[in-house]
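For the sequence shown, the UniProt record's numbering assigns the number 1 to the initial residue and increments by one for each residue that follows. Glycine residues also receive a C-beta, built at the ideal position from the N, C-alpha and C atoms.
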Amino acid sequence: MIGDWLDIGPKTQIEPGTARTLPVEGGEEIAVFHTMRGEFFALVNSCPHKQGPLSQGIVHGDVVTCPLHNWNISLRSGNALGSDEGCVPTVPLKVDAGRIYLKRSAVLSPRVPVVQAA
Numbered sequence: 001m002i003g004d005w006l007d008i009g010p011k012t013q014i015e016p017g018t019a020r021t022l023p024v025e026g027g028e029e030i031a032v033f034h035t036m037r038g039e040f041f042a043l044v045n046s047c048p049h050k051q052g053p054l055s056q057g058i059v060h061g062d063v064v065t066c067p068l069h070n071w072n073i074s075l076r077s078g079n080a081l082g083s084d085e086g087c088v089p090t091v092p093l094k095v096d097a098g099r100i101y102l103k104r105s106a107v108l109s110p111r112v113p114v115v116q117a118a
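Written out as structure tokens, the structure is:
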């Protein structure tokens, strides 16, 4: 059902090896990545380490390297790789007829804030 998905535009708007961002009113900015292999992924645009903008990182394979401190984040799972620990929320994405769609409920659902213990 197409109503479950948000059409965010043609896949040609994102060059391979780069990302674009999608602001979300009342939510977290989404980064949409296009790999050199032609795959597309979507993550919240915030590194789990120091909230660096992942959309400005280097895309290699199915990994993005955060531009602030070189953390490697899996585009498939959102998990930090190597000895780093943390996870970035992923957003379900599909490409159909040359257009990129994001799962509406994942983009528009309210995020529960994380409260740090004192």
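Any non-hydrogen atom of the ligand ADP within 7 Å of residue i CB
i      : result
Gly-26 : Summarising the ligand content, the structure contains no ligands, and the ligand ADP is consequently not present.
Helix, strand or coil at residue i according to DSSP, with G and I counted as helix
i       : result
Lys-103 : strand
Gly-9   : strand
Asp-96  : strand
Ala-118 : Confidence is the limiting factor: at Ala-118 the pLDDT is only 41, short of 50, which leaves the residue's position unreliable, though a coordinate-based value still follows. Coil.
Leu-22  : strand
Val-112 : Residue confidence is low: Val-112 scores 41 on pLDDT, short of 50, so the model does not pin down where it sits. Its coordinate-derived value is still stated next. The answer is coil: DSSP assigns Val-112 none of H, G, I, E or B.
Assumed close pair residue i, residue j - CB separation to whole angstroms, cut-off 8 Å
i       : j      : result
Lys-103 : Asp-4  : 7 Å
Glu-39  : Asp-62 : 7 Å
Ala-19  : Ser-55 : 4 Å
His-34  : His-49 : With 8 Å as the limit, His-34 and His-49 do not qualify as a contact, their Cβ atoms being about 24 Å apart.
Residue range of the beta strand (DSSP E) that includes residue i
i      : result
Ala-42 : 40 to 44
Ser-74 : 72 to 74
His-69 : Segment: none, His-69 is in no beta strand (DSSP E) and carries neither H nor E.
Val-59 : 58 to 60
Residue i vs residue j beta-carbon contact at 8 Å
i      : j       : result
Ile-30 : Val-91  : yes
Leu-22 : Tyr-101 : no
Gly-57 : Met-36  : no
One or two residues paired with residue i in a DSSP bridge
i      : result
Ile-30 : Leu-22, Val-44
Ile-14 : None; Ile-14 has no bridge partner.
Val-88 : Partner(s): none; Val-88 has no beta bridge.
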